[in-house]
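Shown next, in structure tokens, is the structure this report addresses.
Numbering (this note's numbering), first residue to last: 41 to 255.
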């Protein structure tokens with residue numbers, strides 16, 4: 041496996057300053073958005089921010105960018121959540137924290153405009169329900185999954201699936217490692233975490249003991 045790459049910024053801007061572009065890293069908006077996607081976003085500039093919009097924001101007092109869907113407006117603040125996450129984000133957001141609304145996703149030569157507002161809320165609710173059912177199914181088969189993982193019989197599949205690669209992301213509280221299998225984002229090791237989080241079912245093809253640790 042190659043050495044981790046360092047990514048210090050995932051944002052760039054068009055020459056006229058009208059649109060912002062962000063690279064996706066991580067699985068929190070799967071299956072709608074995937075690692076490696078390029079997002080086209082537009083600053084709100086006074087327009088109404090609505091629940092259901094997919095937005096790019098920086099958590100309060102942080103410099104990193106996160107792309108999640110707004111799910112509610114409480115006590116004068118917006119609450120966001122990844123479609124693939126089981127809980128809402130812990131940060132109440134103000135309009136100043138939001139860099140822009142995601143208009144379109146680009147994946148290679150393919151691109152698609154993203155729904156927002158009421159349509160976005162409906163789609164987000166459906167995706168969260170689907171992901172919740174998938175998580176519940178995994179817990180039912182977890183004992184069998186752990187047993188097969190310990191056997192290590194499928195680790196040879198990592199190379200045919202595109203090979204493993206780690207990407208280092210610089211965070212204010214320390215380096216964060218992301219694990220890619222081909223172009224899929226399959227794992228993450230945050231600052232201070234004792235072990236890798238690896239998305240099911242990819243532990244079947246990954247030997248965590250061989251994965252790097254932050255320096």
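Built from N, CA and C at the ideal position, the CB exists for glycine as well.
In angstroms, rounded to a whole number, what distance separates the CA positions of residue i and residue j?
i	j	result
residue 75	residue 69	9 Å
residue 192	residue 240	14 Å
residue 44	residue 220	With a pLDDT of only 44 at residue 44, under the threshold of 50, the placement of this residue in the model should not be trusted; the figure read from the coordinates follows. Answer to the nearest angstrom: the Cα atoms are 11 Å apart.
residue 48	residue 210	The predicted model places residue 48 with a pLDDT of 35, which falls under 50 and marks its position as unreliable; any figure quoted below should be read in that light. If you take the alpha carbons of residue 48 and residue 210, they lie about 6 Å apart.
residue 113	residue 119	6 Å
residue 246	residue 195	6 Å
residue 236	residue 143	32 Å
residue 164	residue 82	20 Å
residue 222	residue 115	43 Å
residue 215	residue 130	21 Å
residue 156	residue 84	13 Å
residue 132	residue 200	43 Å
residue 147	residue 77	5 Å
residue 314	residue 64	With the chain represented from 41 up to 255, any question about residue 314 goes unanswered, as that position is not in the structure.
residue 224	residue 168	20 Å
residue 111	residue 89	11 Å
residue 41	residue 212	The predicted model places residue 41 with a pLDDT of 48, which falls under 50 and marks its position as unreliable; any figure quoted below should be read in that light. Taking the straight line joining both Cα atoms gives about 26 Å.
Just curious, the beta strand (DSSP E) that residue i is in, first and last residue?
i	result
residue 227	224-229
residue 248	Residue 248 -> no beta strand (DSSP E), and no H or E assigned at all.
residue 243	Per DSSP, residue 243 belongs to no beta strand (DSSP E) and is neither H nor E.
residue 236	Run containing residue 236: none; DSSP gives neither H nor E here.
residue 150	150-153
residue 112	106-114
residue 139	138-147
For residue i, report the span of its alpha helix (DSSP H) as first-last.
i	result
residue 161	157-191
Does the distance from the CB of residue i to the CB of residue j come in under 8 Å?
i	j	result
residue 66	residue 218	yes
residue 107	residue 73	yes
**Request:** May I ask you to verify whether the segment 215-234 touches the segment 170-189, counting CB pairs closer than 8 Å and requiring at least 3?
**Result:** No contact exists between the segment 215-234 and the segment 170-189.
**Asked** Is it a yes or a no for the segment 92-100 touching the segment 158-167, going by three-plus beta-carbon pairs under 8 Å?
**Response** Touching, yes, given that three or more Cβ pairs across the two stretches are closer than 8 Å.
**Item:** In chain order, each beta strand (DSSP E) run of at least 3 residues that lies wholly inside the segment 55-104
**Value:** Taking 3 residues as the shortest admissible run, the segment 55-104 contains the following complete beta strand (DSSP E) segments, listed from N- to C-terminal end: 60-63, 78-82 and 94-97.
**Cβ pair count under 8 Å reaching 3, the segment 130-148 against the segment 186-201** = With a cut-off of 8 Å, the segment 186-201 and the segment 130-148 do not count as touching, because too few Cβ pairs lie within range.
**Prompt:** Can you give, in chain order, each stretch of the beta strand (DSSP E) that sits fully within the segment 193-220 and has at least 3 residues?
**Reply:** Runs found: 204-211.
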